[in-house]
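Enquirer: First, the structure itself, so that you have it in front of you.
Pasting the structure below:
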C-alpha cells in the first residue's frame, strides 16, 4: 500500500517545494490570480495550493494575497457563467464530461431555481467543485447579481480565513506541513474527491 502512494506523494512533494520557492518571485501574484481565475471555470487544482506558501513566505501581505485570490476567483466565476450561458454545448459540456458530472448538472439546474444563492455560496466556500456551479448558473441563466454576490462572499470568506490562520500561525503551520506532509496530502486528496462525490450524490 505504501508503494502505491509513494510516487504520487513524491511528485506532490516536489511540486510543493517548487511552489514554496517560486511563490517568492515577482510573478507569484500573477500566478495566483491565474490559478484562482481558472479554477472557477475549468482548472482542477484549487488556488489554496499557492495561496498557503505565498502567505507563509510574506505573512505581512496576507490581506493583499487573499484579495488577489478572491478577485481572480470571482472573475473566473464570471467566465464559467459566460461559458454556460453562451457556449455550453461547445465548451461547457466538455468540462462537465471531463469530471463526469452530467447527472449533477441536471439536478443542480433544477435546484438553482429554488436556492441559487445558497448553492453558489456553498460551492464557493467548500471543496465542492465550484466550476460546475458557475457553468450551470449560466446555463440556467440565474441572476448575474446573485452569482457575483454569493461568489464574492463565499470565495472571500474561504481565502481570507486561510490567509488569516497562516498569518497568525505561519511558522507553526509551515512546520506542521513539513512534518505531516504525506498525511496532509492524503487528507487533501480525500476532501477534493469528497467534493466531487458530494455533487454526484446530490444528483441521485
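In my numbering, the protein residues as written are 42 to 245. Beta carbons: idealized from backbone N, C-alpha and C, even for Gly. In this text, all values refer to a predicted model and were calculated from it rather than measured experimentally.
(1) So what does DSSP say about residue 84, is it helix, strand or coil?
(2) Is the segment 108-127 close to the segment 71-85, with three or more CB pairs under 8 Å?
(3) Looking only at C-alpha atoms, which of 192, 180 and 66 sits nearest to residue 164?
(4) Taking the beta carbon of residue 131 as the centre, do at least 16 other beta carbons fall within 10 Å, making it buried, or is it exposed?
(5) Using 8 Å for Cβ pairs, my map puts residue 107 next to residue 201. What's the rounded Cβ distance?
(6) Give the DSSP-derived three-state secondary structure of residue 202 in the structure shown.
(7) If you pair each beta-carbon of the segment 167-183 with each one of the segment 91-98, do three or more pairs fall below 8 Å?
(8) Give the secondary structure of residue 213 by DSSP, where H, G and I count as helix, E and B as strand, and everything else as coil.
(9) Helix, strand or coil for residue 68 per DSSP?
(10) Select from 103, 156 and 187 the residue whose C-alpha is nearest the C-alpha of residue 207.
(11) Starting from the N-terminal side, write out each stretch of the alpha helix (DSSP H) that is 4 residues or longer and does not extend beyond the segment 97-177.
(12) Tell me whether residue 85 is buried or exposed, calling it buried when 16 or more other Cβ atoms sit within 10 Å of its Cβ.
(13) On a Cα-Cα basis, can you pick out the residue from 88, 181 and 122 that is closest to residue 22?
(14) Kindly indicate which three-state DSSP category residue 183 falls into: helix, strand or coil?
(15) Starting from the C-beta of residue 65, find all residues in its chain whose C-beta is less than 6 Å away, skip the five residues before and the five after it, and write them out in chain order.
(16) Please return the same chain residues whose Cβ sits closer than 6 Å to the Cβ of residue 157, not counting the five positions on each side in sequence.
(17) Give me, in chain order, the residues of the same chain whose beta-carbon lies closer than 6 Å to that of residue 133; leave out the 5 immediate sequence neighbours on both sides.
(18) Closest to residue 77 by C-alpha separation, out of 121, 100, 101 and 138, would be which residue?
(19) Might you give, ordered along the chain, the residues of its own chain that have their beta carbon closer than 7 Å to the beta carbon of residue 198, omitting 5 neighbours on each side?
(20) Please report the distance separating the alpha-carbon of residue 185 from that of residue 80.
Expert: So, to answer that:
(1) Counting from one through the chain shown, the residue named residue 84 turns up at place 43. If DSSP states are grouped into helix, strand and coil, residue 84 belongs with coil.
(2) yes
(3) Position 123 of the chain shown, counted from the start, is the residue given in the question as residue 164. Looking at the Cα atoms, 192 is the closest of the given residues.
(4) Your numbering for residue 131 matches position 90 in the chain shown. Under this definition residue 131 is an exposed residue.
(5) As a first step, residue 107 is located in the chain shown; it is residue number 66 there, counting from the start. As a first step, residue 201 is located in the chain shown; it is residue number 160 there, counting from the start. The Cβ separation is near 5 Å, so the contact holds.
(6) Counting from 1 along the chain shown, the entry for residue 202 is found at position 161. Three-state result, residue 202: helix.
(7) no
(8) As a position in the chain shown, residue 213 is number 172, starting the count at 1. Residue state, collapsed to three classes: helix.
(9) Within the chain shown, numbered from 1, the residue matching residue 68 stands at position 27. Reduced to three states, the DSSP call for residue 68 is coil.
(10) Taking the chain shown and counting its residues from 1, one reaches residue 207 at position 166. It is 103 whose Cα lies nearest to the Cα of residue 207.
(11) 103-127, 134-139 and 143-166
(12) Within the chain shown, residue 85 is the residue found at index 44, counting from 1. So residue 85 counts as exposed.
(13) There is simply no residue 22 to check, as the chain begins at 42 and stops at 245 in what is shown.
(14) Within the chain shown, numbered from 1, the residue matching residue 183 stands at position 142. In the structure shown, residue 183 sits in coil (DSSP, three-state: anything other than H, G, I, E or B).
(15) Here residue 65 corresponds to residue number 24 of the chain shown, with the count starting at 1. Once the five neighbours on either side are set aside, the close Cβ partners of residue 65 are 98.
(16) Stepping through the chain shown from its first residue, residue 157 is reached at position 116. Cβ within range, chain order: 183 and 187.
(17) Numbered from its first residue, the chain shown carries residue 133 at position 92. Excluding positions up to five away in sequence, the list reads 124, 125 and 176.
(18) If you number the chain shown from 1, residue 77 lands on position 36. Per the Cα distances, 121.
(19) The count along the chain shown starts at 1 and reaches residue 198 at position 157. Cβ neighbours of residue 198 beyond the five flanking positions: 166.
(20) The count along the chain shown starts at 1 and reaches residue 185 at position 144. The count along the chain shown starts at 1 and reaches residue 80 at position 39. Spanning the two alpha carbons is a distance of roughly 19 Å.
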